[in-house]
Amino acid sequence: MMRQTFVALAILASSTALWGQPAATKFDAESGTPAIDEKTQTEDVQFKNEGDDRMTVPVHVSGQGPFRFLVDTGADHTAISREIAGRLGLARNEQAKMHTVAGVSMVSTADVPQLQLTQKAQTVRGAPLLDSSNMGADGIIGTDSLRSQRVQFDFATKTLSIVHSTTRDFRDEPGTIVVQAQRRKGRLVFTDASANGQPLTVVIDTGAQVSIGNDALRQKLQGRGLLGTPEKVSLQTVTGQTIVGDYMFVRDLEIGGVTLHNLAIVFTDAHTFHALKLDRRPALLLGMNAIRAFKKVSIDFANQKFRVVLPETSALETRFADASL
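At the far end of the sequence shown sits residue 1537, using the working numbering, and the numbering has no gaps.
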């Protein structure tokens, strides 16, 4: 019997232009915002930056570990590798549909009785079981493990902070910009955005290694400042499926008053855009190569806000983009 449907995107891009490891992104199908846990306190978790856009945190499962889990604030459900589930003797549940950029797959699920990311352990029901080789980690931390909280990335100190959504953050720090978002099926979406002057819809996707644009966006941008010769790359999902796209650069991406320059984008007819009903209008999944252009990032699903701190300098590789007002 099938109980749940998951939507996921995990990519491994491979070409002479771009090499990396898989980073997972899954879009949730929640309606509304879970109740705020007033007892949650600020907890910092040191994440490991391996230089390929992945950020993993140590997680204990059923008292064992630590295991390496990818942090994905766009994921609808925490997932665990088949290997770890087998080692811990987790019983398999019914199968579920998983939507990825390449299509739909069936995956097995299991209940995780105790998952400990910070000091507060939790139970995860119906966690998808995926191959660690496809995830590039032992599991994925999704929004079900970060409910009603705010996730903050400090790239200078390599710290991931999990805080109550009402806790004061870095809003008073110089260079801070706040962008109001909308919630669409649990994810943060921006409509006040443009690429090279072309209006588009942007979906925050912190699990994706590289930003992904749909065919409608590419058609609108033809002749409007797309940089570089298209180069084929292969995108691999957490289920092992692949899809081919064209790796190019966009001169300027503007979101709520903040501009990213020379942003690398893979253009492809991804299934994700069809699932979101964004396949016929210009749209973009904003991945980690864009997020890393900032000094700090706060993603607040409860209050529908995306807060960033601009770096003092933008001495970054062009594939990571640079940010400015």
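Even for Gly, the Cβ is constructed at its ideal location relative to N, Cα and C. If you're wondering where the values come from, they're calculated on a predicted model, not measured in any experiment.
Query	Result
Roughly how many whole angstroms lie between the Cα atoms of residue 1463 and residue 1410?	12 Å
Taking only runs that begin and end inside the region 1336-1390, name each unbroken alpha helix (DSSP H) of 4 or more residues, in chain order.	1344-1347
Looking at the unbroken beta strand (DSSP E) that takes in residue 1308, where does it start and where does it end?	1308-1312
How would you call residue 1324, buried or exposed, if buried means at least 16 neighbouring beta carbons within 10 angstroms?	buried
Where in the region 1482-1534 do unbroken runs of the beta strand (DSSP E), each at least 3 residues long, occur, reported from the N-terminal end onward?	1495-1498, 1508-1512, 1517-1521
Looking at the unbroken beta strand (DSSP E) that takes in residue 1439, where does it start and where does it end?	1438-1448
According to DSSP, is residue 1476 helix, strand or coil?	strand
What does DSSP give as the partner residues of residue 1411 in its beta bridges?	1406
How many angstroms separate the CA atom of residue 1386 from the CA atom of residue 1505?	16 Å
For residue 1442, tell me which candidate among 1459, 1452, 1430 has the shortest Cα-Cα distance.	1459
May I ask you to list the residues that DSSP assigns as paired with residue 1272?	1328
Just how far apart, CA to CA, sit residue 1373 and residue 1367?	11 Å
Beta-carbon within less than 6 Å of residue 1270's beta-carbon, same chain only, minus the 5 sequence neighbours each way: which residues are those?	1278
DSSP three-state label for residue 1323, please.	strand
Counting along the chain, where does the alpha helix (DSSP H) carrying residue 1298 start and finish?	1294-1300
Examine the Cβ distances between the region 1421-1437 and the region 1514-1526 and report whether three or more of them are shorter than 8 Å.	no
Residue 1402: beta carbon under 7 Å from a heavy atom of the ligand MG?	The model on display carries no ligand, and the ligand MG is accordingly not part of it.
Check whether the region 1491-1510 and the region 1339-1351 are in contact - that is, three or more C-beta pairs closer than 8 Å.	no
Residue 1375 and residue 1327 look like a contact to me (Cβ under 8 Å); what is the Cβ gap, rounded to whole Å?	The pair is not a contact, with the Cβ atoms about 19 Å apart (cut-off 8 Å).
How would you label residue 1523, buried or exposed, when you count the other beta carbons within 10 angstroms and need 16 or more for buried?	buried
Suppose you measure from the CA of residue 1237 to the CA of residue 1370; what does that come to, to the nearest Å?	Any reading at residue 1237 needs caution, since the residue's pLDDT is 30, under 50, leaving its predicted position unreliable; the model's value is listed next. Each residue's alpha carbon lies about 20 Å from the other.
Closest by CA to residue 1317, which one among 1489, 1484, 1513, 1437?	1484
Look at the alpha carbon of residue 1378 and the alpha carbon of residue 1392, and state the distance between them as a whole number of angstroms.	16 Å
From what residue to what residue does the alpha helix (DSSP H) around residue 1427 run?	1427-1433
What does the alpha-carbon distance come out to for the pair residue 1320 and residue 1473?	41 Å
So what does DSSP say about residue 1471, is it helix, strand or coil?	strand
Should residue 1456 go down as buried or exposed, given a rule of 16 or more other Cβ atoms within 10 Å for buried?	exposed
Please name the residue or residues paired with residue 1456 in a DSSP beta bridge.	1446
Let me know if residue 1284 comes out buried or exposed under the rule of 16 or more other beta-carbons within 10 Å of its beta-carbon.	buried
Bridge partners for residue 1464 per DSSP, in chain order?	1473
Of all the options 1308, 1315, 1333, which has the alpha carbon lying nearest to the alpha carbon of residue 1276?	1333
When DSSP labels each residue in this structure, what does residue 1420 get in the three-state scheme?	coil
Going by C-alpha to C-alpha distance, which of 1303, 1402, 1351 sits closest to residue 1419?	1351
With 16 other CB atoms within 10 Å as the buried threshold, where does residue 1513 fall?	buried
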